[in-house]
Structures are given as structure tokens and as C-alpha cells.
Amino acid sequence: GENVEQHPSTLSVQEGDSAVIKCTYSDSASNYFPWYKQELGKRPQLIIDIRSNVGEKKDQRIAVTLNKTAKHFSLHITETQPEDSAVYFCAAPQPFSGGYNKLIFGAGTRLAVHP
Amino acid sequence: GAVVSQHPSWVICKSGTSVKIECRSLDFQATTMFWYRQFPKQSLMLMATSNEGSKATYEQGVEKDKFLINHASLTLSTLTVTSAHPEDSSFYICSAQRQGAGGANVLTFGAGSRLTVL
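So the protein lines, in turn, are chains A and B.
Heads up, the numbering used here is the position in the first sequence plus 1202, with the first residue counted as 1.
Heads up, the numbering used here is the position in the second sequence plus 11, with the first residue counted as 1.
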């Protein structure tokens, strides 16, 4: 089955700096890698995702890079703002019968952006 | 679009009672829904996969008789915590799977249900 490892567990940056969170996965057949943001007491929200046929995807201040050979993908947040403070989860799918993929989540990274 | 409604948002119950949590996909059909459990400051732990019209698939270590899942329609899955005990206190989150852009299966999460068992 899929195993997803996420680092660091906590990350503290100054407003305006960049933040990078890295994840590794074990199943070379995995082909879809989403990132979720969870604010305190709220549901996880999908912020960006990438498929295995591309190496990078960008959406304003957020980007995700994928290295299939090394089986790792990273979340990059530039020009961080205090509202970026949250817990971020990476995930990778594990195939199961029925044609759908279930997501296995990393342990999460608690990002704190200080004004 | 792609809204998942989960109720109740919080519930307090006495030890030994059963609690039912509902998860509804409001504007799309979801043949597959997932139930996660999240302890404070921890990750989402997949409990089971809920399949419309068939039995749920439970992850290793999750008691199927303890956590009953029913997925009777394309828009509703329910999780019943039977004979709840304090150790069952947790944040339970459902998610519904839909087809996103490019054919990827995208998960949309419910708001979660915080269960406290006294």
C-alpha cells in the first residue's frame, strides 16, 4: 500500500518569506497528488493538485512540483501572509477495487507566518 | 459546486449510547465516500470507504461492528458509532469523491463532526 511521509512537521516563517513543504510517497503507480489546507477547527480544503504527467503547477503564490523518479512532491508558498497560517496536508492515492482511489494523507505541517 | 454537508457538527453523548453522523453530497452524486478520523493536532486517518449499494470497506484496525457505515443512496452516507466510549471522542470527517478536471478523482470534505463521549 501507499506510504506518505511529510516534512517538516512545523514551519515558522516571517511574512513575505517563502515556505516549502516536502512529501515522499512509496507507490510508483500513484498519479495524483493533492495538497490540502486545514485551518483550526475547520475542514480540509483542496488548494492545489498535480497529476503525474506534469512536473510543476502554479496558482498565484502557490506551486507544486513533482519528481516521479525520486517519488517526492513539494508545496511552495511564496510571499507568505499571516492568513497562510494553517496545517497543510499532502496526499497520494492508493488504488482499490472499483476504479476509485482513496487518499492517504501525510502527517501534516503546521505553518506559522509571523507578521 | 461540489458541496458536502455533514451533520451534526458536534455532539455530546453518554457512554454506551450510539451516535449517527450523516454525510451528504449536495450538488453531485458520490458513489464513493470516505470516512476519516482526526485526533487533535494529528493527520486524517482513513477509517473506511463507503460504497453506494454495497458493504463498506474498512481499514485495518477499524472495527466494523463499532463503526457502522451505510451508503443507501448516491448522495448520503452515514456513520454510526455504536456503544460509544470516551476513547471514541474525536473529530470525524467525511469526504465525497467526484471526477475533477483531467479525470482525477477529487475529494471534497464535509465540515466534520466533533464527538465527545462522557
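Even for Gly, the Cβ is constructed at its ideal location relative to N, Cα and C.
Keep in mind that this is a model prediction, so the values were computed, not measured.
Proximity below 9 Å, CB of residue i to CB of residue j
i	j	result
Y1234 of chain A	R1263 of chain A	no
C105 of chain B	S88 of chain B	yes
L129 of chain B	C24 of chain B	yes
A1272 of chain A	W1237 of chain A	no
K1304 of chain A	L57 of chain B	yes
D99 of chain B	K66 of chain B	no
F1307 of chain A	V1215 of chain A	no
N1315 of chain A	E1285 of chain A	Note that residue 1315 of chain A corresponds to Val in the displayed sequence, not to Asn. Yes, they are a contact pair.
T1311 of chain A	S1211 of chain A	yes
A1309 of chain A	Q1240 of chain A	no
P1295 of chain A	E1217 of chain A	no
Selected residue, minimal CA-CA separation from residue i, among the options
i	options	result
G72 of chain B	B:S106, B:C24, B:A95, B:R48	B:R48
R109 of chain B	B:F39, B:T127, B:S61	B:F39
T28 of chain B	B:N81, B:G121, B:H96	B:H96
G1257 of chain A	A:R1312, A:E1241, A:H1274	A:H1274
G121 of chain B	B:V30, B:K31, B:R35	B:R35
G123 of chain B	A:G1203, A:G1243, A:G1218	A:G1243
S94 of chain B	B:T86, B:F102, B:L79	B:L79
L1313 of chain A	A:I1279, A:N1255, A:L1248	A:I1279
K1260 of chain A	A:L1277, A:T1282, A:P1246	A:L1277
Q1247 of chain A	A:F1291, A:N1255, A:A1309	A:F1291
E63 of chain B	B:E70, B:F45, B:Q53	B:F45
V92 of chain B	B:K31, B:W21, B:P51	B:K31
S1232 of chain A	A:E1241, A:I1250, A:V1289, A:N1255	A:N1255
S61 of chain B	B:S54, B:N81, B:K52	B:N81
H1209 of chain A	B:S54, B:A13, B:S26, B:W21	B:S54
T86 of chain B	B:V22, B:A13, B:A41	B:A41
E1281 of chain A	A:D1251, A:I1250, A:D1219, A:S1230	A:D1219
T68 of chain B	B:F102, B:F50, B:L90, B:P51	B:L90
K52 of chain B	B:F102, B:K75, B:E74, B:L37	B:F102
N116 of chain B	B:E70, B:E33, B:T43	B:T43
T127 of chain B	B:E33, B:A107, B:F50	B:F50
Beta-ladder partner(s) of residue i, from DSSP
i	result
I1264 of chain A	A:D1261, A:I1279
I1252 of chain A	A:F1235
S101 of chain B	B:L126
Q110 of chain B	B:N116
V1315 of chain A	A:V1215
S36 of chain B	B:V15
E1245 of chain A	Residue identity check: residue 1245 of chain A is Arg in the sequence provided, not Glu. Paired residue(s): none; R1245 of chain A is not in a bridge.
F45 of chain B	B:T60, B:S106
A1309 of chain A	Answer is none; A1309 of chain A lacks a bridge partner.
A1293 of chain A	A:F1307
K1224 of chain A	A:H1209, A:S1276
K31 of chain B	B:T91
Contact set between the segment 1241–1253 of chain A and chain B, restricted to residues whose Cβ is under 9 Å from the partner: G1243, K1244, R1245, P1246, Q1247, L1248, D1251, R1253
Output needed in chain order: residues of the segment 71–105 of chain B with a Cβ under 7 Å from some Cβ in chain A. I104
Does the segment 14–32 of chain B come close enough to the segment 1221–1234 of chain A that 3 or more CB-CB pairs lie under 8 Å? no
Can you list, in chain order, the residues of the segment 41–62 of chain B whose Cβ is nearer than 7 Å to any Cβ on chain A? T43, F45, S54, L55, L57, T60, N62
What are the residues in the segment 114–125 of chain B lying within 7 Å of chain A by C-beta distance? A115, N116, V117, L118, F120, G121, A122, G123
Can you list, in chain order, the residues of the segment 1203–1216 of chain A whose Cβ is nearer than 7 Å to any Cβ on chain B? none
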